[in-house]
Amino acid sequence: MNLETLHHKFEFTPTEKIILAFLNDHQSSLSNLTIREAAQQCYTSPSTIIKLAKKMNLSGYSELIYKIKENSLADGIEENQHTTDSFRVAPITESQQKAFNTILENYRQKPIMLIASGFSQILVEYINEALLLNGIRSIKNTHLELLHPERKDDVLLIIVSESGETTRVKELAAMARKNDFTLISFTGNPLSTVHKSSTLAITTNTFKGFQEDRYEPKYFYGSVLILFETLLSNYLKSVPL
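All residue numbers for the sequence shown refer to our numbering, where the first residue is 26 and numbers rise by one.
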């Protein structure tokens with residue numbers, strides 16, 4: 026389990042880091058470790074551990090230790106395999122393209138706010154330049170005043186997030202949904218909060234969660250560029266000159 030990567034996505038408190046580090050270091054004994062025993066070892070309370078699990082979009086302590094153990098087993102299997110994985114980007118469906126065309130046409134003369142964090146901000150930089158070069162107004166900074174309910178028909182949101190669960194991005198997606206904004210998302214996780222909050226959700230299905238290896242190829246970023254370029258190109262071809 027890559028704690029550094031998970032921390033970037035969920036922004037753990039110092040106590041939460043201690044809990045995860047302890048559980049990760051004692052994977053072999055997790056099956057017999059009760060939540061009260063884990064709490065005692067980490068000098069915290071069972072409720073804090075449950076809150077941590079919920080924060081990570083898990084049902085509770087049992088699923089948390091299951092995920093940690095599952096990752097340990099997966100690591101052992103991967104170390105003994107010598108295979109070359111092939112990867113293909115899933116094509117844009119006709120319904121996705123149609124929805125993208127409709128949304129972009131409705132907001133072509135209105136600002137498009139691009140939202141991301143971490144490495145996904147690099148993708149937002151590219152998307153921003155591509156839109157501007159084609160005469161479509163976009164901004165790559167988050168302006169909360171644009172998310173007021175009365176602005177819901179004036180601003181289009183595009184969110185890029187591999188996990189779809191990064192704390193700040195997830196909060197903005199939930200706010201957009203609550204205020205009935207139109208939201209297009211590119212995520213690697215079809216089960217994520219961002220994906221579920223979107224008007225049009227595009228996923229690469231590349232998010233591995235607990236099993237993420239920092240040295241594995243990061244297919245998400247290249248996939249998003251391909252998918253976005255496909256969507257934008259097809260839209261521009263459909264628009265009269």
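Note that the Cβ used here is the ideal one computed from N, Cα and C, for glycine as well. If you're wondering where the values come from, they're calculated on a predicted model, not measured in any experiment.
- DSSP lists I184, A226 as the beta-bridge partner residues of S210.
- Following the DSSP letters along the chain, one finds L257 in no beta strand (DSSP E) but inside the alpha helix (DSSP H) bounded by residues 244-263.
- At the C-beta level, V180 and P136 come within 7 angstroms of one another.
- Excluding the 5 residues flanking it on each side, L31 has same chain C-beta neighbours closer than 8 angstroms at F37, L45, M81, F235, in chain order.
- Boundaries of the alpha helix (DSSP H) around I44: 39-50.
- Within the DSSP bridge table, the entry for L31 names no partner.
- With at least 16 other beta carbons inside 10 angstroms of its own, L256 counts as buried.
- Counting of Cβ neighbours within 10 angstroms places S210 among the buried residues, the total reaching 16 or more.
- Taking each of T167, E119, T59, L208 in turn and checking the Cα distance to N131, the smallest one comes out for L208.
- Comparing alpha carbon positions, the residue from T212, Y240, I140 closest to T229 is T212.
- With a threshold of 16 other beta carbon atoms within 10 Å, I147 falls short and is exposed.
- With contacts defined by Cβ atoms closer than 7 angstroms, A78 and Y86 form a contacting pair.
- Every alpha helix (DSSP H) stretch that sits fully inside the segment 102-163 and reaches 4 residues is listed by chain position as 119-131, 145-158.
- Closest option to K233, judged by alpha-carbon separation, among Q52, L169, P215, N204: P215.
- Q52 and R193 have their alpha carbons spaced roughly 30 angstroms apart.
- At the C-beta level, I251 and V114 come within 7 angstroms of one another.
- Non-local C-beta neighbours of S217 in its own chain, meaning closer than 6 angstroms and more than five positions away in sequence, comprise G189, E190, ordered along the chain.
- Counting the other CB atoms within 10 Å of its CB gives E41 a total of 16 or more, which places it among the buried residues.
- An exposed status is given to V264, since fewer than 16 other beta-carbon atoms sit within 10 Å of its beta-carbon.
- Rounded to the nearest angstrom, the gap between the Cα atoms of P116 and S248 is 10 angstroms.
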